[in-house]
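Reading through the structure tokens given below for one structure.
In mature numbering (1 follows the signal peptide of the UniProt record, and there is no 0), the protein residues as written are -22 to -1, 1 to 193.
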């Protein structure tokens, strides 16, 4: 009788656990200072906030912040094999290109680097989503427009989801920005986490749909 009760309680306990994602999944954020938490501890960044949140709401998901302040698309491409080997991600959110744009790199070079990053991930059966990125208009409308067009073009060519730039709403409120006018402050991080959470969960859901259909 005692053994039967133990089994019953075990079944009940299992059914009470979050069941939105049946298997363990690793999602990596591959970004720059906007995701690394520039000027603050990484745990205070929007990714760090989601890491803490998901430990309670989605314990089967492992969220890794592989973002580095100042990183470019070329820098991320160079370190990508190490990221893939260390974390073996099932899904990756790519938030890169801002530093390339601020340094005036050729849009064609940015596009090529992003395409190579995505292709390498896809060849490893990793689901990918790409963030739209914009740069300040003071770089001139011609370059700014050419830069912004890189991201939907790469997303279409590689067949990945294009996620809206989370800074679009944040930058409209000076109270959410650091003094440099480029980086979000601590107060903005929970807001960015709220913006990004549904997109990242959707990316994981798409991964699981592919697994279920055997594609």
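Glycine included, each C-beta is placed from N, C-alpha and C at the ideal position.
Item to check | Option nearest residue 182 by Cα separation, candidates 145, 146, 39 and 93 | outcome: Numbered from its first residue, the chain shown carries residue 182 at position 204. The shortest C-alpha separation from residue 182 is found at 39.
Item to check | Outcome for residue 159 when other beta-carbon atoms lying within 10 angstroms are tallied against a minimum of 16 | outcome: The count along the chain shown starts at 1 and reaches residue 159 at position 181. It is exposed - the Cβ of residue 159 has fewer than 16 other Cβ atoms within 10 Å.
Checklist entry - What does DSSP give as the partner residues of residue 73 in its beta bridges? => result Here residue 73 refers to the residue found at position 95 of the chain shown. Bridge pairing for residue 73: 9 [DSSP].
Checklist entry - Under the three-state reduction of DSSP, which class applies to residue 21: helix, strand or coil? => result Position 43 of the chain shown, counted from the first residue, corresponds to residue 21. Reduced to three states, the DSSP call for residue 21 is helix.
Checklist entry - Taking DSSP as the reference, what is the three-state secondary structure of residue 138? => result Locating residue 138 in the chain shown gives position 160, where the first residue counts as 1. Of the three classes helix, strand and coil, the one that applies to residue 138 here is coil, per DSSP.
Next on the checklist: Within 10 Å of its beta-carbon, does residue 123 have 16 or more other beta-carbons around it, so buried, or fewer, so exposed?
Outcome noted: For the purposes of this step, residue 123 is taken as the residue at position 145 of the chain shown. Counting the other CB atoms within 10 Å of its CB gives residue 123 a total below 16, which places it among the exposed residues.
Next on the checklist: Buried or exposed, going by whether 16 or more other CB atoms sit within 10 Å of the CB of residue 174?
Outcome noted: On the chain shown, position 196 is the one that residue 174 refers to. Per the 10 Å Cβ criterion, buried.
Checklist entry - What is the C-beta distance between residue 110 and residue 80, in whole angstroms, given that I count them as a contact (C-beta under 8 Å)? => result Mapped onto the chain shown, residue 110 falls at position 132. Mapped onto the chain shown, residue 80 falls at position 102. Not confirmed; about 16 Å, so no contact.
Checklist entry - When you compare only the Cα positions, how much space is there between residue 3 and residue 176? => result Start at 1 with the first residue of the chain shown, and residue 3 comes out as number 25. Start at 1 with the first residue of the chain shown, and residue 176 comes out as number 198. Cα to Cα, residue 3 sits roughly 16 Å from residue 176.
Checklist entry - Looking only at its own chain, which residues have a Cβ that is under 7 Å from the Cβ of residue 178, when we skip the five neighbours before and after it? => result Along the chain shown, one-based indexing puts residue 178 at 200. Excluding residues within five positions, the ones whose Cβ falls inside 7 Å are 5 and 71.
Next on the checklist: Quick check: is the beta carbon of residue 47 nearer than 9 Å to any beta carbon in chain D?
Outcome noted: Of the protein chains in the structure, only one exists, and it is not chain D.
Checklist entry - DSSP state of residue 43, grouped into three classes? => result Here residue 43 is taken as the residue at index 65 of the chain shown, counted from 1. In this structure, DSSP gives residue 43 an extended state, which the three-state scheme calls strand.
Item to check | Residue range of the alpha helix (DSSP H) that includes residue 54 | outcome: Here the question's residue 54 lines up with position 76 in the chain shown. Taken as a continuous stretch (DSSP letters only), the alpha helix (DSSP H) holding residue 54 covers 51 to 65.
Checklist entry - What residue range is occupied by the uninterrupted beta strand (DSSP E) comprising residue 108? => result Locating residue 108 in the chain shown gives position 130, counting from the first residue. Per DSSP, residue 108 belongs to the beta strand (DSSP E) from 105 to 109.
Item to check | Under 9 Å between C-beta atoms of residue 131 and residue 22 | outcome: Here the question's residue 131 lines up with position 153 in the chain shown. Here the question's residue 22 lines up with position 44 in the chain shown. Taking a C-beta distance under 9 Å as the contact criterion, residue 131 and residue 22 do not qualify as a contact pair.
Next on the checklist: Using the Cβ count rule (16 or more neighbours within 10 Å means buried), how would you classify residue 11?
Outcome noted: Here residue 11 is taken as the residue at index 33 of the chain shown, counted from 1. When all chains shown are included, residue 11 counts as buried.
Item to check | Alpha-carbon spacing of residue 195 relative to residue 89, whole angstroms | outcome: Because the chain in this structure spans residues -22 to 193, residue 195 falls outside the shown range and cannot be described.
Checklist entry - Thinking just about the alpha-carbon of each residue, which of 62, 121, 53 and 185 is nearest to the one in residue 74? => result Stepping through the chain shown from its first residue, residue 74 is reached at position 96. Looking at 62, 121, 53 and 185, the one whose alpha-carbon comes closest to that of residue 74 is 53.
Next on the checklist: Residues in the same chain with beta-carbon distance under 6 Å from residue 67, minus the five sequence neighbours each way, listed in chain order, please.
Outcome noted: For this step, residue 67 is matched to residue 89 along the chain shown. Same-chain partners within the cutoff: 4, 6 and 104.
Checklist entry - In chain order, what residues of the same chain have a beta carbon less than 7 Å from the beta carbon of residue 17, not counting five sequence neighbours either side? => result Walking along the chain shown from the start, residue 17 turns up at place 39. Apart from sequence neighbours up to five positions away, the residues of its chain that approach residue 17 with a beta-carbon distance below 7 Å are 156 and 161, ordered along the chain.
Next on the checklist: Going by C-alpha to C-alpha distance, which of 185, 184, 164 and 37 sits closest to residue 14?
Outcome noted: Counting from one through the chain shown, the residue named residue 14 turns up at place 36. Distance check between residue 14 and each of 185, 184, 164 and 37 places 164 closest, using alpha-carbon atoms only.
Item to check | Where residue 76 falls, given that 16 or more other Cβ within 10 Å makes a residue buried | outcome: As a first step, residue 76 must be located in the chain shown, where it is residue number 98. By the 10 Å Cβ count, residue 76 comes out buried.
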